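Since the structure comes first, as structure tokens, the remarks are kept for the end.
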Amino acid sequence: MSNRIAKVHRQTGETDVTVEIDLDGTGSCHAQTGVPFLDHMLHQIAAHGLFDLHITAIGDIEIDDHHTNEDVGITFGMAVAKALGDRKGIVRFGHFVAPLDEALVQVALDFSGRPHLSYGLEIPTQRVGTYDTQLVREFFVAIVNHSLMTLHIRQLDGINSHHMIEATFKAFARAMRMATELDARRMGTIPSSKGVL
30 MSNRIAKVHR QTGETDVTVE IDLDGTGSCH AQTGVPFLDH MLHQIAAHGL
80 FDLHITAIGD IEIDDHHTNE DVGITFGMAV AKALGDRKGI VRFGHFVAPL
130 DEALVQVALD FSGRPHLSYG LEIPTQRVGT YDTQLVREFF VAIVNHSLMT
180 LHIRQLDGIN SHHMIEATFK AFARAMRMAT ELDARRMGTI PSSKGVL
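Okay, so the sequence shown: first residue is 30 according to my numbering, each after it adds one.
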């Protein structure tokens with residue numbers, strides 16, 4: 030359980046993505062996806078989750094950012110699942126409410142083995158910089174489906190799109206950090222009454 034590190038490489042006709050994650054890191058991050066706002070959000074996940082991340086992506090951004098954004102989410106989810114292994118000893122559940130100025134976002138998640146997303150953001154603008162704000166949901170759908178996580182995102186307040194999205198990523202990072210922490214009282218056992226996740 031002391032070596033919860035994973036590397037996943039995923040290549041398609043649209044993208045070439047590599048994600049390395051250390052769940053027990055210090056928050057260092059190298060993110061180079063070709064999508065600047067996504068890189069900024071990946072830095073939030075690393076910094077506030079205390080995960081070490083090294084993420085590179087080459088994608089068909091001359092079309093738009095959709096494929097790269099989604100495939101980074103897919104590969105990130107796969108890397109998280111691989112790093113968690115059989116999920117023995119983890120806390121499993123995590124939650125956090127993050128403020129960023131006027132924005133307030135609540136995230137609750139469960140490494141349940143059952144992918145589900147409830148997404149409650151109502152982002153007021155179509156873009157933040159060049160980033161299509163519809164891609165926020167697509168990113169989390171991809172993570173949920175490939176990490177086998179249940180994820181609830183609730184917007185409690187907010188009028189600024191950048192603030193709302195960044196608060197979401199910060200809350201997600203802190204909730205994920207809580208859920209992936211090792212529970213000293215549960216070492217070596219699966220955190221489920223069923224005995225499997």
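Don't be surprised by glycine CBs; every beta carbon is placed ideally from N, CA and C. Because the structure is a prediction, the values reported are computed rather than measured.
Taking the CB atoms as reference points, tell me whether residue i and residue j lie closer together than 8 Å.
{"i": "Y160", "j": "L67", "result": "yes"}
{"i": "R215", "j": "G142", "result": "no"}
{"i": "H95", "j": "L164", "result": "yes"}
{"i": "H38", "j": "T44", "result": "no"}
{"i": "D81", "j": "T55", "result": "yes"}
{"i": "E99", "j": "A171", "result": "yes"}
Going by other Cβ atoms of all chains shown within 10 Å of its Cβ, with 16 needed for buried, is residue i buried or exposed?
{"i": "L177", "result": "buried"}
{"i": "G42", "result": "exposed"}
{"i": "L213", "result": "A quick correction: the sequence has Ala, not Leu, at residue 213. Classification of A213: exposed, given that the 10 Å Cβ count is below 16."}
How close, in whole Å, do the beta carbons of residue i and residue j come, if the pair is a contact with beta carbons under 8 Å?
{"i": "V109", "j": "F125", "result": "About 17 Å; that fails the 8 Å criterion."}
{"i": "I182", "j": "V134", "result": "7 Å"}
{"i": "I87", "j": "V101", "result": "That pair is no contact at about 11 Å."}
{"i": "T179", "j": "D139", "result": "4 Å"}
{"i": "Q184", "j": "L150", "result": "5 Å"}
Give me, in chain order, the residues of the same chain whose beta-carbon lies closer than 6 Å to that of residue i; leave out the 5 immediate sequence neighbours on both sides.
{"i": "K199", "result": "Q73, H77 and A127"}
{"i": "V173", "result": "P144, L146 and L180"}
{"i": "T209", "result": "L52 and I119"}
For residue i, I'd like the list of residues in its chain whose CB is within less than 7 Å of its CB, leaving aside the five on either flank, ordered along the chain.
{"i": "E131", "result": "D186, G187, I188, N189 and H192"}
{"i": "P153", "result": "I188 and S190"}
{"i": "H175", "result": "I103, G106, M107 and A110"}
{"i": "V157", "result": "F66, S190, H191 and I194"}
{"i": "L79", "result": "G54, T55, G56 and R206"}
Alpha carbon to alpha carbon, what distance is there between residue j and residue i?
{"i": "T218", "j": "G224", "result": "8 Å"}
{"i": "R121", "j": "L113", "result": "10 Å"}
{"i": "I90", "j": "S57", "result": "26 Å"}
{"i": "F169", "j": "G123", "result": "16 Å"}
{"i": "T162", "j": "I50", "result": "25 Å"}
{"i": "D53", "j": "Q155", "result": "35 Å"}
{"i": "M207", "j": "Q40", "result": "31 Å"}
{"i": "P220", "j": "A75", "result": "25 Å"}
{"i": "E167", "j": "L146", "result": "10 Å"}
{"i": "A202", "j": "H69", "result": "13 Å"}
{"i": "P144", "j": "R116", "result": "15 Å"}
{"i": "L71", "j": "M205", "result": "13 Å"}
{"i": "N32", "j": "V64", "result": "30 Å"}
For residue i, which residues of its own chain have a beta-carbon under 8 Å away from its beta-carbon, when the five flanking residues on both sides are left out?
{"i": "A196", "result": "A127, P128, L129, A132, L133, V134 and G187"}
With 8 Å as the threshold, decide whether the Cβ of residue i is near any Cβ in chain B.
{"i": "K117", "result": "Note that chain B does not occur in the displayed structure, where there is just one protein chain."}
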